[in-house]
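Chains A and B supply the protein sequences, listed in that same order. Take 1 as the starting number for the first sequence in the working numbering and just add one per residue. Take 1 as the starting number for the second sequence in the working numbering and just add one per residue.
Protein chains: 2
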Amino acid sequence: MRITAVEEYGLRCLLNLARGGIDKQMSISEIAENEGLSVPYASKLLSILRKQGLVTASRGRSGGFHISRLPEQITLYEVLTALGGPLIDPNHCSKYSGQLEQCVHIDYCTVHDVLGGLAGYIQTFLTGTTIKEIIDGLPVDFRKHPEAPFEISDKALEGELSTIEHTEKEEMKSKE
Amino acid sequence: MRITAVEEYGLRCLLNLARGGIDKQMSISEIAENEGLSVPYASKLLSILRKQGLVTASRGRSGGFHISRLPEQITLYEVLTALGGPLIDPNHCSKYSGQLEQCVHIDYCTVHDVLGGLAGYIQTFLTGTTIKEIIDGLPVDFRKHPEAPFEISDKALEGELSTIEHTEKEEMKSKE
DNA sequence: ACAATACCTTACAATTTTGTAAAGTATATT
DNA sequence: AATATACTTTACAAAATTGTAAGGTATTGT
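In structure tokens:
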């Protein structure tokens with residue numbers, strides 16, 4: 001369960017436009033430059049944002065992109081779902097049915113219940129956070145999210161559990 | 001941002017064992033059968049859970065798996081990070097550096113800040129939910145998570161925003 | 001008009017994740 | 001000891017995601 005590349009980079013592209021306010025227009029190459037992305041890739045990301053209605057494009061010699069609404073009127077939830085789809089796939093139960101045609105837990109599924117609860121919980125955070133708040137920087141309004149315990153710095157994360165390959169808890173138990 | 005297949009199926013495999021309590025032993029084929037998974041795939045998932053210390057295996061004719069700790073002593077957080085790694089990749093900033101060697105936002109990154117806050121927030125939910133609670137079924141203790149607004153049923157999700165391909169908000173604007 | 005500029009679309013290559021296959025190792029029963 | 005059973009490991013095939021490439025379309029300034 002993680003932020004995808006498209007979500008991460010797409011959000012950054014949108015923030016570029018948002019920082020300039022609603023009238024600020026930028027070209028793909030400017031945005032790509034700012035974010036260290038290739039022009040074709042930034043182009044693809046902006047195209048997704050445009051199709052989802054978050055940015056507006058104009059073509060031609062003096063064309064470019066601008067944000068469709070005020071940064072305080074766009075939530076993080078909108079941006080992430082625009083870029084990566086909903087938190088829970090609408091076809092979750094048919095997608096994760098294993099080898100069978102229909103999931104064995106179709107009638108009563110505690111997993112689905114708890115993941116649905118989690119999705120709703122996350123949605124609360126995301127809809128409560130606007131693009132403007134992100135631009136203005138931390139602390140993001142933690143009063144709204146009292147449970148978010150701290151800002152996770154890159155340094156702090158260094159010590160955290162790594163990906164599976166890198167943390168075989170077993171590995172070298174002395175073979176006798 | 002979504003639950004991965006390994007997280008979903010791996011969790012289900014663990015729940016199989018958890019339902020029987022700490023002494024219940026099951027073979028891969030039993031679990032695979034119960035979950036509608038192929039035996040090799042269930043095998044792979046259980047292998048991950050074993051390496052992360054959540055289940056214990058014994059080989060030979062009367063072998064099988066059992067859960068390593070009481071279901072009330074295992075949190076959803078442990079299970080999901082065991083199966084899918086941490087919520088934020090420890091190398092997030094170097095991984096998402098675009099075309100450049102180093103991310104342009106390395107000094108000051110509002111995106112990283114807000115996503116770190118989100119990760120902490122999610123972690124609170126996950127560490128506050130035990131495997132036992134999942135087994136015992138909903139309502140998962142929403143007193144602990146008052147913000148989780150509702151259980152998201154499969155039906156309710158049907159109406160939600162679909163994946164990008166399926167919801168081109170543009171699509172058929174009358175060409176003049 | 002025409003050319004320069006900037007977005008748009010489609011196809012495809014590279015990478016990662018998902019899932020399968022097969023041969024190997026350990027243990028209990030006979 | 002032999003054998004059946006059940007986990008283990010490694011390699012690989014399939015599918016999804018990520019990122020690139022190239023040619024097309026629209027607009028504006030000259």
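Where a beta carbon is used, it is the ideal one built from N, C-alpha and C, also for glycine. Predicted, not measured: the structure shown is a model, and the values here were computed from it.
Residue i to residue j span [Cα, whole Å]
i: T110 (chain A); j: N91 (chain B); result: 33 Å
i: S153 (chain B); j: G117 (chain A); result: Per-residue confidence for S153 (chain B) stands at a pLDDT of 40, beneath the threshold of 50, marking its modelled position as unreliable; the derived number appears in the next sentence. Spanning the two alpha carbons is a distance of roughly 10 Å.
i: R2 (chain A); j: R59 (chain B); result: 34 Å
i: D113 (chain B); j: T56 (chain B); result: 38 Å
i: E33 (chain A); j: L70 (chain A); result: 23 Å
i: I22 (chain B); j: L54 (chain B); result: 11 Å
i: A148 (chain A); j: I122 (chain A); result: Low confidence applies to A148 (chain A): its pLDDT is 46, below 50, so where it sits in the model is not reliable, and the reading given next is rough at best. Each residue's alpha carbon lies about 11 Å from the other.
i: Q99 (chain A); j: P40 (chain B); result: 12 Å
i: I106 (chain A); j: C93 (chain A); result: 7 Å
i: K169 (chain A); j: T81 (chain B); result: The predicted model places K169 (chain A) with a pLDDT of 49, which falls under 50 and marks its position as unreliable; any figure quoted below should be read in that light. Rounded to the nearest angstrom, the two C-alpha atoms are 13 Å apart.
i: S47 (chain B); j: Q73 (chain B); result: 20 Å
i: A42 (chain A); j: C103 (chain B); result: 15 Å
i: E133 (chain A); j: T124 (chain B); result: 22 Å
i: R19 (chain B); j: L115 (chain A); result: 18 Å
i: I28 (chain A); j: I28 (chain B); result: 52 Å
i: Q52 (chain B); j: K51 (chain A); result: 42 Å
i: L183 (chain A); j: E101 (chain B); result: No information on residue 183 (chain A) is available, as it lies outside the stretch 1 to 176 that chain A covers here.
Residue of the options minimising C-alpha distance to residue i
i: F65 (chain B); options: B:L17, B:D89, B:Y96; result: B:L17
i: S38 (chain A); options: B:V79, B:A119, B:L11, B:Y96; result: B:Y96
i: A119 (chain A); options: A:E101, A:P40, A:P86; result: A:P86
i: Q25 (chain A); options: A:V104, A:S62, A:S47, A:L49; result: A:S62
i: Y108 (chain B); options: A:E101, A:L115, A:Y108, A:G137; result: A:G137
Short Cβ contact (8 Å threshold) for residue i with residue j
i: L14 (chain A); j: I88 (chain A); result: no
i: T75 (chain B); j: T4 (chain B); result: no
i: H135 (chain B); j: V79 (chain B); result: Here the sequence assigns Ile to residue 135 (chain B), which means His is not the residue at that position. Cβ distance not < 8 Å, so I135 (chain B) and V79 (chain B) don't count as in contact.
Anticipated Cβ contact below 8 Å, residue i with residue j, distance rounded
i: L83 (chain B); j: E7 (chain B); result: 5 Å
i: L45 (chain A); j: Y77 (chain A); result: L45 (chain A) to Y77 (chain A), Cβ: 18 Å. No contact.
i: E30 (chain B); j: R12 (chain B); result: Contact flag wrong, Cβ pair sits at about 13 Å.
**Study point:** Start-end ranges of the beta strand (DSSP E) lying completely within the region 41-101 of chain A, minimum 3 residues
**Key:** 55-58, 64-67, all fully within the region 41-101 of chain A.
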